[in-house]
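What follows is a short report on a single structure.
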Amino acid sequence: MSTVIDKAPAVAAPVRTGRHSAAAVLALARFEARELLLQIPVFVFFLLYIGHALWKLFLPGDGMDDYPALQSVDRSSQSVLPFLAVAVLMCVNVAALRSRRHGTDGHFDVLVMEPWRRTVAHALSVVPFAAVTALVVAVQFGRAALKPGAAGHGSPAELAVGPLVVLLAGVLGVLIARLCPSIVGGPLFIVVGFATFLTASVVTGEKEHWLNWLYPVVSENGADPIPSDLLGRPAAWHALYLLGLTALLLCAAALVSGGRTRLLKALTVVALGATAAGIAGQSPGHEARLTAARTQVNRTPGRFQSCVVHGRSTYCSFPEWTGWRDDWARVADRVQRLAGGGAGGERLTIRQRIPLIYDLSSDAALTPLSTPGEVTVGTRWGGSRVPEFAVGVASVLVAGDEQAVSRVCDARVITVMWLALAAQDDPAAAFRAVRLDDSTAGSALALAPTEPVPMSAEQTRIVRELLRQPRYSVTARVKAHWTELTSPKTSEARVAELLGVPGAADGARNGSGKGADEGAWCQQ
Amino acid sequence: MSAVADGCLRVPVLLPPVWRALPWRALGAAAGAGLAAAAVARLVPGGPDPAFALVLLRCAAVAFALGLAFLLDDPARHITAAVPTRRAVRTGLRMALAVPLAAVCWTVALLLIPGRTRPPAGDVTLEAAVLAALALTGAAAAVRCTDEPQPGAAVAVTSAAGTALALLLPERWALFVAAGSPDWAVAHQRWAALLALTVAAGTALLPEPLRRGPSLALRPPH
Amino acid sequence: MTTAPTVSASGLTVRYGGRPALDDVSLCLHEGVTGLLGPNGAGKTTLLRVLATAVPADRGSFTVLGHDPGTAAGRQEVRRLLGYLPQTPGFHPDFTAFAFVDYVAILKELTDRAGRHREVRRVLEAVGLSDVRARRIKRLSGGMRQRVALAAALVGDPRLLLLDEPTVGLDPEQRMRFREVIAEAGEGRTVLLSTHQTEDVAMLCHRVIVTAHGRLRFEGTPAELTARAAGRVWSSTERDPGARAGWRTGMGTFRNVGDPPKGAELLEPTLEDGYLLVLDGEPAEVASV
Chain A
-3 MSTVIDKAPA VAAPVRTGRH SAAAVLALAR FEARELLLQI PVFVFFLLYI GHALWKLFLP
57 GDGMDDYPAL QSVDRSSQSV LPFLAVAVLM CVNVAALRSR RHGTDGHFDV LVMEPWRRTV
117 AHALSVVPFA AVTALVVAVQ FGRAALKPGA AGHGSPAELA VGPLVVLLAG VLGVLIARLC
177 PSIVGGPLFI VVGFATFLTA SVVTGEKEHW LNWLYPVVSE NGADPIPSDL LGRPAAWHAL
237 YLLGLTALLL CAAALVSGGR TRLLKALTVV ALGATAAGIA GQSPGHEARL TAARTQVNRT
297 PGRFQSCVVH GRSTYCSFPE WTGWRDDWAR VADRVQRLAG GGAGGERLTI RQRIPLIYDL
357 SSDAALTPLS TPGEVTVGTR WGGSRVPEFA VGVASVLVAG DEQAVSRVCD ARVITVMWLA
417 LAAQDDPAAA FRAVRLDDST AGSALALAPT EPVPMSAEQT RIVRELLRQP RYSVTARVKA
477 HWTELTSPKT SEARVAELLG VPGAADGARN GSGKGADEGA WCQQ
Chain B
11 MSAVADGCLR VPVLLPPVWR ALPWRALGAA AGAGLAAAAV ARLVPGGPDP AFALVLLRCA
71 AVAFALGLAF LLDDPARHIT AAVPTRRAVR TGLRMALAVP LAAVCWTVAL LLIPGRTRPP
131 AGDVTLEAAV LAALALTGAA AAVRCTDEPQ PGAAVAVTSA AGTALALLLP ERWALFVAAG
191 SPDWAVAHQR WAALLALTVA AGTALLPEPL RRGPSLALRP PH
Chain C
246 MTTAPTVSAS GLTVRYGGRP ALDDVSLCLH EGVTGLLGPN GAGKTTLLRV LATAVPADRG
306 SFTVLGHDPG TAAGRQEVRR LLGYLPQTPG FHPDFTAFAF VDYVAILKEL TDRAGRHREV
366 RRVLEAVGLS DVRARRIKRL SGGMRQRVAL AAALVGDPRL LLLDEPTVGL DPEQRMRFRE
426 VIAEAGEGRT VLLSTHQTED VAMLCHRVIV TAHGRLRFEG TPAELTARAA GRVWSSTERD
486 PGARAGWRTG MGTFRNVGDP PKGAELLEPT LEDGYLLVLD GEPAEVASV
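Put into structure tokens, the structure is as follows:
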């Protein structure tokens, strides 16, 4: 029996291709980047990240994001990054250990590309993912910045944190693989590292500014936007720190893998210098100076503002928010047009203010102003902030000044709320939005830029009924009975009668007058 | 009947070699990391606050689960696959040996947290049990669906990524809720349901299939 | 051989825990296929690993086309000229055959993407794996994997090819194909082929080196090795106690190698007979370096 052996096919001559060390590292990085994308954790997390970004971009919002303050938007891009970073770290770690796991190390070590350059290639394989992150961050920020209502200034250094953290995670994954060449190293490092970081912050307290800023991401979300010069975030130094740290860890990984070239050593020194400079630059807290400056702006905002007169009223804002004055004027005018008596012609001063905060993650309330005719407006706008501001305007029109509003626990609430809500395009939706619990029945707090306005169940019912009636007829009645409606002595029943709302007796009377809950609010 | 009796007789003989074949390095590293995370509580002057204690315990639970993801790693898998002792028996023995050890480690981790700040022990133990069960089920699934002798790395990375994903769950499906949160009880009902599902899936995955299943286009970390 | 040798080594010595794995080995390798024969533990793999720059020699030196791997730059140059198939090549099981060879090609600094892909396709075709190049390595048979490893060694057109037992575990047909690929590779290149199979050497190699206990026992042509057994192979009906080696054949007679008794029925010698004689303590006959 004879075996038929296929003749080996005629094979073309060897292909001559160029050989360049640096280009080879880039080619390997590209190869590894493709492999990385096919890893389930990286794939899923980036899909979620991009999907979430697209969803935010294209889903019609509730108007809350129509007036972004860019100095807060830049930071908000950092909140989901730790999750991306975890996935990247683990998968790069596994990829860097692949040769070892499958026993190809011995073979690859005699190939032209030295192990340390393979290490560098593994770290560089994260660059496309950092680029995608940068793109997503840029699109998110660009979209916010292009909105007609955008205010303030973004910081490129804050935007750079996202891509830099992804890079840092990748480099850290490679370094862990080189230091602890066991596959269990990466995931356990994350758990132990997380616990260590957390402990460090618990032991030293969150007030340690320099320690806080050693974390890759210092998001500090929560407070309302404040003028850029009061942020006190050493963003540029922090970006330098991240960049230096990334380069330093990469150099360390390359050195551990046997790299000894002069360029590498020089880069290590430079990276060390950059990291040290970043830490030195971001560490001084300047808390006292910052708090003093914030206190000054909080107490005497007028010194830092410019004002413009629109119609009867004056609108004062910080320099970064001048674009919103027209929107405020539109709302204030509409509210004022509904008011009667002297209030309809009152000269108001709309004053933008920031609360006194000590750090950017704590939310603080604005104290009411005592100057008559002065209305507070915050540093956010759009969505429910519009009716909230209208409540503020209406309160001052009815009660005279903001401090007096906090003592309004009587039937004037009805007038205030109707003025504020009837001036909205969609009063019913605004009614729900302005109430703390989004309800349209029962007692609840109605939000305003300073102190909230407590509404009893009966007041809620009357306002709801009023909003159902044609605006022109209610407006006429409000203007006609303005003095009585804005008197603290007028009872709820009388207000209802003046405004043509049937008494609660013929409906389901569920606690007319003050219930126990709203009584408690009003005594505060 | 005799086969079953035979199997039962074989178990004591199998125990020592299975014990030696356990992936001790991964298990030991995970146990060490988990206990270290819990021991951190003792370093905090004045003791940790309950929220911090809870996070530490969860770190420990994740570390233990990561170790268990390596439990079914068997470099000699292609040799041991063809022996008459069933896979379910071999895998079951590994679990029977490792689970008590994990339970001891977990108890130590719990005791490392000072009593007055310790979160409800039963509830966090439920969380730890689910994480461990998910890791073990993942390992069983990897053994069933792939030829890989050591799928632990992929399972561990996927488990860690899954845990990170669970942290991103929206509030109404949240699993990792804060200590003292009003959603604590509801979240732990979810944990209990997850445990039941995981154990059921894990049990179903234990026996060796007679036919090949579908394979994935995407791949776990390799 | 009049051309300059591709590899010239002198006094290579490698010790593992005091036991010499290579003991003062000097040799020259020229263009064409050279076979490296020897029993297990003879130092074949160590010699290949030293020449492949995977382990440095404790003593001695060698050059490849004039490049000295004793310096960092020289070692890089040697590695640029090298194709190496280790004894137990590892694989990344989730890579396709193409991706794996492409990966090795990148590590050999073939950077032009299109050119590299053409080169990868070329070597995969040369080893007969064109049809399965998109298949993951874990789905390939053992023989196919071995061919993937050979393709990885061949990629980048190396001037020196070091193959450590490439035909182990291959079926006869695959082995024939392998021989063809290696023979083709030996045209215009230097190939050092470590093997246990004397037929491989007989069919492929223009030179043969025999090692035992870390030392060279023979260097010459296969014909010269065969000639060492001329007149020293005989047949007998009983095992001949005077023979250096003897084994029962399928015919029921014994084939003996050594110094034949008078009147013995002499047989035609083979390469294997020469090899056995050289192994059995014949004085080393090594070409001077």
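Chains as they are written, first to last, in the working numbering: chain A, -3 to 520; chain B, 11 to 232; chain C, 246 to 534. Don't be surprised by glycine CBs; every beta carbon is placed ideally from N, CA and C.
Next on the checklist: Buried or exposed for Ala214/B, going by 16 or more other Cβ atoms inside 10 Å?
Outcome noted: exposed
Checklist entry - Who are the Cβ neighbours of Leu37/B in its own chain at under 8 angstroms, not counting the five residues just before and after it? => result Gly77, Leu78, Phe80, Leu81, Ala108 and Leu111
Item to check | Ser487/A - DSSP class collapsed to helix/strand/coil | outcome: coil
Checklist entry - Would you report the Cα separation of Ala476/A and Trp377/A, rounded to the nearest angstrom? => result 33 angstroms
Item to check | Cutoff 7 angstroms: Arg108/A Cβ touching any chain C Cβ | outcome: Here residue 108/A is Val; the residue named in the question, Arg, does not match the sequence. Closer than 7 angstroms: yes.
Checklist entry - Does the beta carbon of Thr(-1)/A sit closer than 7 angstroms to a beta carbon anywhere in chain C? => result For Thr(-1)/A, the predicted model reports a pLDDT of 40, less than 50, meaning its position is unreliable; a value from the coordinates is still stated below. Answer yes: the Cβ-Cβ gap between Thr(-1)/A and chain C drops below 7 angstroms somewhere.
Checklist entry - Are the Cβ atoms of Pro230/A and Gln67/A separated by less than 7 angstroms? => result no
Checklist entry - Is Asp83/B near Gln160/B, with beta carbons less than 7 angstroms apart? => result yes
Checklist entry - Would Leu141/B pass as a contact of Ala71/B if the rule is Cβ separation under 7 angstroms? => result yes
Checklist entry - Closest Cβ-Cβ distance between Leu45/B and chain A: below 7 angstroms? => result no
Item to check | Cys155/B: first and last residue of the uninterrupted alpha helix (DSSP H) it sits in | outcome: Ala131 to Cys155
Next on the checklist: With a threshold of 7 angstroms between beta-carbons, can Ile427/C be considered close to chain A, or not?
Outcome noted: no
Checklist entry - Rounded to whole angstroms, how far is the Cβ of His458/C from the Cβ of Val278/C, which I believe are closer than 8 angstroms? => result At roughly 25 angstroms, the Cβ-Cβ gap does not stay under 8 angstroms, so His458/C and Val278/C are not in contact.
Next on the checklist: Please list, in chain order, the residues of the stretch 498 to 529 of chain C that have any C-beta partner in chain A closer than 9 angstroms.
Outcome noted: none
Checklist entry - Can Gly307/A be considered in contact with the ligand HEM, in the sense that its beta carbon sits closer than 6 angstroms to one or more heavy atoms? => result In the structure shown, the ligand HEM is absent, as is every other ligand, since no ligand is present at all.
Item to check | Simplified DSSP assignment, three categories, for Ala395/A | outcome: helix
Checklist entry - What are the boundary residues of the beta strand (DSSP E) that Phe314/A is part of? => result No beta strand (DSSP E) holds Phe314/A; DSSP gives it neither H nor E.
Item to check | Length of the line joining the Cα atoms of Gly307/A and Trp209/A | outcome: 47 angstroms
Item to check | Contact belief for Thr356/C with Ala19/A at Cβ below 8 angstroms, rounded distance in angstroms | outcome: 4 angstroms
Next on the checklist: Taking CB distances under 7 angstroms as the criterion, tell me whether Pro331/C reaches chain A.
Outcome noted: yes
Checklist entry - Using a beta-carbon distance cut-off of less than 9 angstroms, what residues from the stretch 33 to 45 of chain A approach chain B? => result Leu34, Gln35, Ile36, Pro37, Val38, Phe39, Val40, Phe41 and Leu44
Next on the checklist: I'd like to know if the stretch 113 to 129 of chain A and the stretch 340 to 350 of chain C are in contact, where contact means that at least 3 CB-CB pairs between them fall below 8 angstroms.
Outcome noted: no
Checklist entry - Tell me, which residues are paired with Pro466/A by DSSP? => result Pro466/A pairs with nothing; no bridge assigned.
Checklist entry - Start and end of the beta strand (DSSP E) containing Leu257/C? => result Val252 to Tyr261
Item to check | Cβ-based neighbour list, His275/C, same chain, cut-off 8 angstroms, excluding 5 preceding and 5 following | outcome: Met246, Thr248, Pro250, Thr251, Thr435 and Arg452
Checklist entry - Which of helix, strand or coil does DSSP assign to Phe340/C? => result coil
Next on the checklist: Between the alpha carbons of Leu245/A and Arg349/A, how many angstroms are there, rounded?
Outcome noted: 44 angstroms
Next on the checklist: Residues of chain A with CB closer than 7 angstroms to the CB of Val72/B, please, in chain order.
Outcome noted: Val187
Checklist entry - Going by beta carbon distance, what residues of the same chain come within less than 8 angstroms of Gln136/A, once the five residues before and after it are set aside? => result Ala49, Lys52, Leu53, Val69 and Ser73
Item to check | Delimiting residues of the beta strand (DSSP E) encompassing Ala419/A | outcome: Taken as a continuous stretch (DSSP letters only), Ala419/A belongs to no beta strand (DSSP E), as it is neither H nor E.
Checklist entry - Start and end of the beta strand (DSSP E) containing Phe463/C? => result Arg460 to Gly465
Checklist entry - Between the Cα of Gly148/A and the Cα atoms of Arg295/A, Phe190/A, Ala232/A and Trp320/A, which residue gives the shortest distance? => result Trp320/A
Item to check | Under 7 angstroms by beta carbon: chain A residues contacting Thr135/B | outcome: Ordered by position in chain A, no residue passes the 7 angstroms Cβ test against Thr135/B, which lies about 18 angstroms from the chain.
Item to check | Contacts that Ala299/C makes with chain A (C-beta to C-beta distance below 9 angstroms) | outcome: Gly102, His103, Asp105 and Val106
Checklist entry - What does DSSP give as the partner residues of Met451/A in its beta bridges? => result Ala440/A
Item to check | Cutoff 7 angstroms: Val199/A Cβ touching any chain B Cβ | outcome: yes
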